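If you number the sequence shown the way our numbering does, the last residue is 155 and the count never jumps.
Comments concern the structure below.
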Amino acid sequence: MELFGAFIALILCFIVFFIVVAVIRYAIDSSKTSKRLEDLIKEVHYLRTEIKKQNNNKQGDNKYIIDEKV
């Protein structure tokens, strides 16, 4: 009987633990700070791709200028 009670207590502890984890994850996901962080990450990614495009265009132009001078 004691083993059965311990097993039930263990199951209840796991259930409570998963409920607490779910509440904390929901709070973090719905916070304004995490949404702003996601927006900043997207903006930084966009800016990096734009900088790479500009650098590739400049390098392409520089090759022709060097060839013309030679």
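Backbone N, C-alpha and C define an ideal beta-carbon position, used for all residues, glycine too.
Remember, predicted model here, so these are calculated numbers, not experimental data.
- Ser116 sits in coil when the DSSP states are folded into three classes, being neither helix nor strand.
- Inter-residue distance for Val105 and Cys98 is about 11 Å (C-alpha atoms, whole angstroms).
- Taking C-alpha positions only, Phe102 is separated from Thr134 by approximately 42 Å.
- Looking at the backbone, the Cα of Glu87 and that of Ile100 are separated by about 20 Å.
- When only Cα atoms are considered, Ala112 and Leu122 end up about 15 Å apart.
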